[in-house]
Amino acid sequence: MKSSVITFPGSNCDRDMDVALNKFGFKNKMVWHDDNELPKSDLVVLPGGFSYGDYLRCGSMASKSKIMHSVINFAKSGGLVMGICNGFQILVETGLVPGVLLRNKYLEFICKNIFIKIKNKDNPYFKNLDKDIFEFHIAHNEGNYFCTKDQLKEIEDNNQIAIYYCDNNGQTEDQFNPNGSLKNIAGIFNKQKNVLGMMPHPERMIDQSLSGEDGSLFFKNLINNIK
Amino acid sequence: MLVNEKIAIDHGLKADEYKKLCELLKRTPNLTELGIFSAMWNEHCSYKSSRLHLKNLPTSGKKVIQGPGENAGVIDIEDGDAIVFKIESHNHPSFIEPYQGAATGVGGIMRDVFTMGARPIANLNSIHFGSPQHKKTKNLLRGVVHGIGGYGNCMGVPTIAGQTSFDSSYNGNILVNAMTLGLVKKNKIFYSKAAGLDKPVIYVGSKTGRDGIHGASMASASFDEKIEEKKPTVQVGDPFTEKLLLEACLELMAGDSIIAIQDMGAAGLTSSSIEMASKGNLGIEINLNKVPCREAKMTPYEIMLSESQERMLIILENGKEDMAKKIFDKWNLDFAVIGKTTNSKNIELFFDNDQVANIPINILVENSPLYDRKWKKAKLPKKNKIKKETYSKLKIKDVLKKILSNPNVCSKEWIWQQYDHTVMGDTIQKPGGDSGVVRVHGTDKAVAATVDSSAVYCWAHPLTGGKQVVAESWRNLISVGATPVAITNCLNFGSPENEDNMGEFVECVQGIGEASKYLDFPIVSGNVSFYNQTKEIGIKPTPSIGGVGLIKDYNKMITMDFKEVNNLVLLIGKTEGHIDQSLFARVILDEKNGPPPEVNLFNEKNNGETLLQLAMKDYIKSAHDISLGGLITAISKMCIKGNKGIELKQTNLLINEIEYFFSEDQGRYIIEIEKSDFKEVSQILEKNSVHYEEVGKIRDKFMIINEKTKVTIDELKSYNSNWLVKFMSS
Numbered sequence: 001m002k003s004s005v006i007t008f009p010g011s012n013c014d015r016d017m018d019v020a021l022n023k024f025g026f027k028n029k030m031v032w033h034d035d036n037e038l039p040k041s042d043l044v045v046l047p048g049g050f051s052y053g054d055y056l057r058c059g060s061m062a063s064k065s066k067i068m069h070s071v072i073n074f075a076k077s078g079g080l081v082m083g084i085c086n087g088f089q090i091l092v093e094t095g096l097v098p099g100v101l102l103r104n105k106y107l108e109f110i111c112k113n114i115f116i117k118i119k120n121k122d123n124p125y126f127k128n129l130d131k132d133i134f135e136f137h138i139a140h141n142e143g144n145y146f147c148t149k150d151q152l153k154e155i156e157d158n159n160q161i162a163i164y165y166c167d168n169n170g171q172t173e174d175q176f177n178p179n180g181s182l183k184n185i186a187g188i189f190n191k192q193k194n195v196l197g198m199m200p201h202p203e204r205m206i207d208q209s210l211s212g213e214d215g216s217l218f219f220k221n222l223i224n225n226i227k
Numbered sequence: 001m002l003v004n005e006k007i008a009i010d011h012g013l014k015a016d017e018y019k020k021l022c023e024l025l026k027r028t029p030n031l032t033e034l035g036i037f038s039a040m041w042n043e044h045c046s047y048k049s050s051r052l053h054l055k056n057l058p059t060s061g062k063k064v065i066q067g068p069g070e071n072a073g074v075i076d077i078e079d080g081d082a083i084v085f086k087i088e089s090h091n092h093p094s095f096i097e098p099y100q101g102a103a104t105g106v107g108g109i110m111r112d113v114f115t116m117g118a119r120p121i122a123n124l125n126s127i128h129f130g131s132p133q134h135k136k137t138k139n140l141l142r143g144v145v146h147g148i149g150g151y152g153n154c155m156g157v158p159t160i161a162g163q164t165s166f167d168s169s170y171n172g173n174i175l176v177n178a179m180t181l182g183l184v185k186k187n188k189i190f191y192s193k194a195a196g197l198d199k200p201v202i203y204v205g206s207k208t209g210r211d212g213i214h215g216a217s218m219a220s221a222s223f224d225e226k227i228e229e230k231k232p233t234v235q236v237g238d239p240f241t242e243k244l245l246l247e248a249c250l251e252l253m254a255g256d257s258i259i260a261i262q263d264m265g266a267a268g269l270t271s272s273s274i275e276m277a278s279k280g281n282l283g284i285e286i287n288l289n290k291v292p293c294r295e296a297k298m299t300p301y302e303i304m305l306s307e308s309q310e311r312m313l314i315i316l317e318n319g320k321e322d323m324a325k326k327i328f329d330k331w332n333l334d335f336a337v338i339g340k341t342t343n344s345k346n347i348e349l350f351f352d353n354d355q356v357a358n359i360p361i362n363i364l365v366e367n368s369p370l371y372d373r374k375w376k377k378a379k380l381p382k383k384n385k386i387k388k389e390t391y392s393k394l395k396i397k398d399v400l401k402k403i404l405s406n407p408n409v410c411s412k413e414w415i416w417q418q419y420d421h422t423v424m425g426d427t428i429q430k431p432g433g434d435s436g437v438v439r440v441h442g443t444d445k446a447v448a449a450t451v452d453s454s455a456v457y458c459w460a461h462p463l464t465g466g467k468q469v470v471a472e473s474w475r476n477l478i479s480v481g482a483t484p485v486a487i488t489n490c491l492n493f494g495s496p497e498n499e500d501n502m503g504e505f506v507e508c509v510q511g512i513g514e515a516s517k518y519l520d521f522p523i524v525s526g527n528v529s530f531y532n533q534t535k536e537i538g539i540k541p542t543p544s545i546g547g548v549g550l551i552k553d554y555n556k557m558i559t560m561d562f563k564e565v566n567n568l569v570l571l572i573g574k575t576e577g578h579i580d581q582s583l584f585a586r587v588i589l590d591e592k593n594g595p596p597p598e599v600n601l602f603n604e605k606n607n608g609e610t611l612l613q614l615a616m617k618d619y620i621k622s623a624h625d626i627s628l629g630g631l632i633t634a635i636s637k638m639c640i641k642g643n644k645g646i647e648l649k650q651t652n653l654l655i656n657e658i659e660y661f662f663s664e665d666q667g668r669y670i671i672e673i674e675k676s677d678f679k680e681v682s683q684i685l686e687k688n689s690v691h692y693e694e695v696g697k698i699r700d701k702f703m704i705i706n707e708k709t710k711v712t713i714d715e716l717k718s719y720n721s722n723w724l725v726k727f728m729s730s
């Protein structure tokens, strides 16, 4: 299985994602933002970081990068595109997934382990996972998901909500919402479910010595689903 | 403008220094030249008050590749790998403008590390604020934490450990010390020594602006009521540009075109160009019209003294300019050939075809002022006689609550949760432990790092305090199973022109030197920050020690959380009941006098090395060193982290229970072992003459202190975790 990770100026989780993808069997290529064409890929990842310093709205500059034309076409033709953290912010800016990501409710960067509950398994990312609640890791300043009422109705009707913030038992009360996201939303799909944007970093949870191993389950399952 | 003595004094030079300068130059300098002298001769750059004393510090050893004198120190961690590290202060700017001051402190220290070819792999910081009641404290703390996070998070370098303290002596002068570790191959280390004639001098990175002019001079003076006017001397950070600069430099460094490289930190283009030429015993010629400027009509004076961030100066091999430029173009960074090396041994600056400065470099560097300042030796204070009745009125649980919720002991999670501490995917011990630990990417090795200071001990008796900080750093590394390798120091003091402050400096340095020599824990880098003082009031002497250790097999790393119910808990090292200068004495008894606990270097070394033996054999299930707050504070933290309780044994009756629990005797650790290992463990301890005693057994939910006193883990947690969150949201 071939994957591509895009490096934008200011990306800083690109190496971590490369390590994770290779560890679980992908043949990964790093792709420079200024390239015209994506290499042949089964999965494209927009990694975390601070593309262009995020001095404008997070992800807005990167969403206009040269390579993004190719990424958008790839997504529109059904290719799998996953955006993590800053990658999610970039996806939102391209319009591939609906909504926006605002500054965290308490106006502070948050780096910690959290739990998420998978809402929808009828897609290549979460299909066949044998549990619903995962311990992932977040590290962001702008992860507060927001969309209009009409958009919310639409994404709910289309089953586009991918994951919610919750506690270890799957409770989605407000106190388990780390950043003020609407409805505890931690990740969403496009209508076709081939594009996934999420704030948590599964690539930081890929061995026992790190924050946990739930990321390993995610990646192992992902490559099996794509095969 | 014609230069005279008054203008020189306005630049921070003393009258006699100005006189010496004119004599050496054999003429009156012009304004640009005076600016250059003031930048090179200030305390921050010249170490004129500290040099005499620093030279006595032990700086070499089997593992030392590079000691002080370069951008950072370098140690050998085997297999061809090396760690580059350094700590640096950014105190003065952080008080004036906390966000930018702290952010650029972090940016500056990372640049020092990647200048040497190393990719930064971990950041640490030591930050000190005034009393929580002081009106500025909360905003300064918030600003500094946001600044450190803002820069480090954007760079994608994990912040893995740190230290925060509050003390009214920092009311008018906060401290912000930032430390970075970088990883490099031993044969790919870059230095700042220029070599060869007619080699191109290259400027890369951000454009030069008018920010930070005279930053280093500002950092070499005390504060007064006009401090707000100094805001323009604080630099503005741009971590995005620094991230690009890091990647571009490392890409260029993969080849062999660089002769020398130096970041533009304090005193910007002035000190970087002069230092490189001076080390190579060469001259340097710069055409200031070629320097990329952010603003129009910048003068030579402004260009030379700007402290705009994210800039580097490189001496390149001839003919490599185009290749190098391509790399910097790719990363959208400025690249300009601004001059060349010469054999004149002078720094010669040109602007609009005129020569605007011409100074022999040796005058600026070797002949910079050197002072043997007067200093006062400190006496060891007399011991307090505390009446035993004082203790009988106290309830242990109440005291424990006060100690655990004390601002200097309480959990700092509110702070470190705002730092990305897991990016790069190698952080195997997060903030909140004895040391932060990161793996050496792709290997079985890991590097542990800690930053420590004990201003109260240093204030009570500088010599003992100096030794204690080094010993504590050593213990914090041992506690995670790391072999201590070397240290970096950031020496924060008041005015060197005050005999008492100078005495604190001299004796702290002496103590640091003694301990580091005895423990074979050499000092490979550091910096001195004097004039942490507002008018006549200086801070408590605060040397910060950054310690680095190596764990050869990261599976053998130790953490402090209690692991298994029924395991045994041992106290390593002897408890004498030293209460003076303990947190207990200061907070509960309101007793500020008396000597700090004695530091016995033989015991420190012996206890630490023996624990490493136990760790190698996998006997230690958890460990924590005993420091501020004493034995019961250390145990409480192990309970909190592990979510386990403990049943404490009845104490040794030779010492009062309060003294047993809250004294701060040195050289002590708490370790957890399995019952079945007790025999082997005790044999090893006895064979090495290490004092130990069994203090209790791990239990499920309670800390059982004695028959009458029981505390739940949730209570311990609430004592420990609430203060900072409440303070910041009040």
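Protein chains in written order, with the numbering used here: chain A, 1 to 227; chain B, 1 to 730.
Quick reminder that beta carbons are idealized off the backbone N, C-alpha and C, glycines included.
Whole-angstrom C-beta distance between residue 518 (chain B) and residue 605 (chain B), which should lie under 8 Å: Your numbering for residue 605 (chain B) matches position 605 in the second sequence. Your numbering for residue 518 (chain B) matches position 518 in the second sequence. Right, the Cβ-Cβ distance comes to about 7 Å (below 8 Å), so this counts as a contact.
Closer than 8 Å to chain A by CB, residue 250 (chain B): Start at 1 with the first residue of the second sequence, and residue 250 (chain B) comes out as number 250. No, residue 250 (chain B) lies away from the interface with chain A (no Cβ there is under 8 Å from its Cβ).
Cross-chain neighbours of residue 420 (chain B) in chain A, by beta carbon under 8 Å: Taking the second sequence and counting its residues from 1, one reaches residue 420 (chain B) at position 420. The contacting residues are 109, 111 and 139.
Listed by chain order, chain B residues near residue 93 (chain A) by CB distance under 8 Å: Here residue 93 (chain A) corresponds to residue number 93 of the first sequence, with the count starting at 1. Within chain B, no residue comes near residue 93 (chain A); the closest Cβ sits about 17 Å away, beyond 8 Å.
Euclidean distance between Cα positions of residue 127 (chain A) and residue 488 (chain B): Translated into positions along the first sequence, residue 127 (chain A) becomes position 127. Translated into positions along the second sequence, residue 488 (chain B) becomes position 488. If you draw a straight line from the Cα of residue 127 (chain A) to the Cα of residue 488 (chain B), it is about 51 Å long.
In DSSP terms, what residue 510 (chain B) is bridged to: In the second sequence, the residue the question calls residue 510 (chain B) occupies position 510. In the DSSP output, where bridge partners are listed per residue, residue 510 (chain B) has none listed.
Nearest neighbour of residue 661 (chain B), chosen from B:627, B:463 and B:173 [CA to CA]: As a first step, residue 661 (chain B) is located in the second sequence; it is residue number 661 there, counting from the start. It is B:627.
Same chain, Cβ closer than 6 Å to residue 134 (chain A), five either side skipped, listed in chain order: In the first sequence, counting from the first residue as 1, residue 134 (chain A) sits at position 134. Within the same chain, residue 134 (chain A) has close Cβ partners 116 and 214.
Under 8 Å by beta carbon: chain B residues contacting residue 16 (chain A): Here residue 16 (chain A) refers to the residue found at position 16 when the first sequence is read from its first residue. Under the 8 Å cutoff, chain B gives 423, 424 and 425.
Burial state of residue 738 (chain B) (16 or more Cβ within 10 Å): The structure shown has nothing for residue 738 (chain B), since chain B only spans 1 to 730.
Residue 157 (chain B) vs residue 110 (chain B) beta-carbon contact at 8 Å: The residue labelled residue 157 (chain B) in the question sits at position 157 within the second sequence. The residue labelled residue 110 (chain B) in the question sits at position 110 within the second sequence. A contact, by the Cβ cut-off of 8 Å.
CA-to-CA distance, residue 360 (chain B) to residue 20 (chain B), given in whole angstroms: Position 20 of the second sequence holds residue 20 (chain B). Position 360 of the second sequence holds residue 360 (chain B). Distance between residue 20 (chain B) and residue 360 (chain B), taken at the CA atoms: about 14 Å.
Alpha-carbon to alpha-carbon, residue 32 (chain B) and residue 3 (chain B): For the purposes of this step, residue 3 (chain B) is taken as the residue at position 3 of the second sequence. For the purposes of this step, residue 32 (chain B) is taken as the residue at position 32 of the second sequence. Whole-angstrom Cα-Cα distance: 10 Å.
Contact check, residue 568 (chain B) vs residue 678 (chain B), beta carbons under 8 Å: Residue 568 (chain B) sits at position 568 when you count from the first residue of the second sequence. Residue 678 (chain B) sits at position 678 when you count from the first residue of the second sequence. Yes, these two residues count as a Cβ contact at 8 Å.
Opposing strand residues paired with residue 520 (chain B) [DSSP bridges]: Residue numbering aside, residue 520 (chain B) sits at position 520 when the second sequence is read from its first letter. In DSSP, residue 520 (chain B) forms no bridge with anything.
Contact set between residue 24 (chain A) and chain B, taken where Cβ atoms lie within less than 8 Å: Translated into positions along the first sequence, residue 24 (chain A) becomes position 24. What residue 24 (chain A) touches in chain B: nothing, since even the nearest Cβ is about 14 Å away.
Supposed close pair residue 99 (chain A), residue 164 (chain A) - CB separation, criterion 8 Å: The residue labelled residue 99 (chain A) in the question sits at position 99 within the first sequence. The residue labelled residue 164 (chain A) in the question sits at position 164 within the first sequence. Not a contact, Cβ separation roughly 14 Å.
Expected contact under 8 Å - CB spacing of residue 178 (chain B) and residue 90 (chain B) to nearest Å: Along the second sequence, one-based indexing puts residue 178 (chain B) at 178. Along the second sequence, one-based indexing puts residue 90 (chain B) at 90. A Cβ-Cβ distance of about 6 Å is found for the pair residue 178 (chain B) and residue 90 (chain B), placing them in contact under the 8 Å criterion.
Candidates B:47, B:60 and B:424, of which the one nearest residue 522 (chain B) by Cα: Translated into the one-based positions of the second sequence, residue 522 (chain B) becomes position 522. Checking every option, the nearest Cα to that of residue 522 (chain B) belongs to B:60.
C-beta contact flag for residue 260 (chain B) and residue 280 (chain B) at 8 Å: Against the second sequence, residue 260 (chain B) aligns to sequence position 260. Against the second sequence, residue 280 (chain B) aligns to sequence position 280. Closer than 8 Å, so yes.
Rounded Cβ spacing between residue 145 (chain B) and residue 415 (chain B) (contact assumed at less than 8 Å): One-based indexing of the second sequence puts residue 145 (chain B) at position 145. One-based indexing of the second sequence puts residue 415 (chain B) at position 415. Between residue 415 (chain B) and residue 145 (chain B) the Cβ distance is about 5 Å, and since that is below 8 Å, they are a contact.
Contact residues within the segment 324-341 of chain B, judged by C-beta distance below 9 Å to chain A: 330, 331 and 332
Candidates B:187, B:141 and B:214: closest to residue 256 (chain B) by CA position: As a position in the second sequence, residue 256 (chain B) is number 256, starting the count at 1. The option with the nearest alpha carbon to residue 256 (chain B) is B:187.
Residue 192 (chain B) vs residue 317 (chain B) beta-carbon contact at 8 Å: Position 192 of the second sequence, counted from the first residue, corresponds to residue 192 (chain B). Position 317 of the second sequence, counted from the first residue, corresponds to residue 317 (chain B). No. Outside cutoff.
Three-state class that DSSP yields for residue 77 (chain B) in the structure shown: Walking along the second sequence from the start, residue 77 (chain B) turns up at place 77. Coil at residue 77 (chain B), not helix or strand.
Collapsed DSSP secondary structure at residue 679 (chain B) in the structure displayed: Residue numbering aside, residue 679 (chain B) sits at position 679 when the second sequence is read from its first letter. Correct three-state label for residue 679 (chain B): helix.
Members of the segment 204-218 of chain A that neighbour chain B once the beta carbon cut-off is set at 8 Å: 204, 206, 209, 210 and 211
Three-state secondary structure assigned by DSSP to residue 490 (chain B): Residue numbering aside, residue 490 (chain B) sits at position 490 when the second sequence is read from its first letter. Of the three classes helix, strand and coil, the one that applies to residue 490 (chain B) here is strand, per DSSP.
Touching by the beta-carbon criterion (3+ pairs, under 8 Å), the segment 429-442 of chain B and the segment 158-166 of chain B: yes
At least 3 beta-carbon pairs within less than 8 Å: the segment 655-675 of chain B vs the segment 710-720 of chain B: No, because fewer than three Cβ pairs between the segment 655-675 of chain B and the segment 710-720 of chain B fall closer than 8 Å, the two stretches do not touch.
Contact between the segment 143-161 of chain A and the segment 190-201 of chain A (3+ Cβ pairs under 8 Å): yes
DSSP-derived helix/strand/coil call for residue 474 (chain B): Indexing the second sequence from 1 puts residue 474 (chain B) at position 474. Reduced to three states, the DSSP call for residue 474 (chain B) is helix.
Reference residue 64 (chain A), options A:95, A:29, A:43 and A:199, closest by Cα: Residue 64 (chain A) sits at position 64 when you count from the first residue of the first sequence. For residue 64 (chain A), the nearest C-alpha among the options comes from A:95.
Where residue 468 (chain B) falls: helix, strand or coil (DSSP): As a first step, residue 468 (chain B) is located in the second sequence; it is residue number 468 there, counting from the start. The answer is helix: DSSP assigns residue 468 (chain B) an H, G or I state.
Residue burial classification, residue 541 (chain B) (beta-carbon count within 10 angstroms, cutoff 16): Within the second sequence, numbered from 1, the residue matching residue 541 (chain B) stands at position 541. Buried: at least 16 other Cβ atoms inside 10 Å.
Contained alpha helix (DSSP H) runs [length at least 4] in the segment 239-276 of chain B, N- to C-terminal order: Complete alpha helix (DSSP H) runs here, min 4: 239-253.
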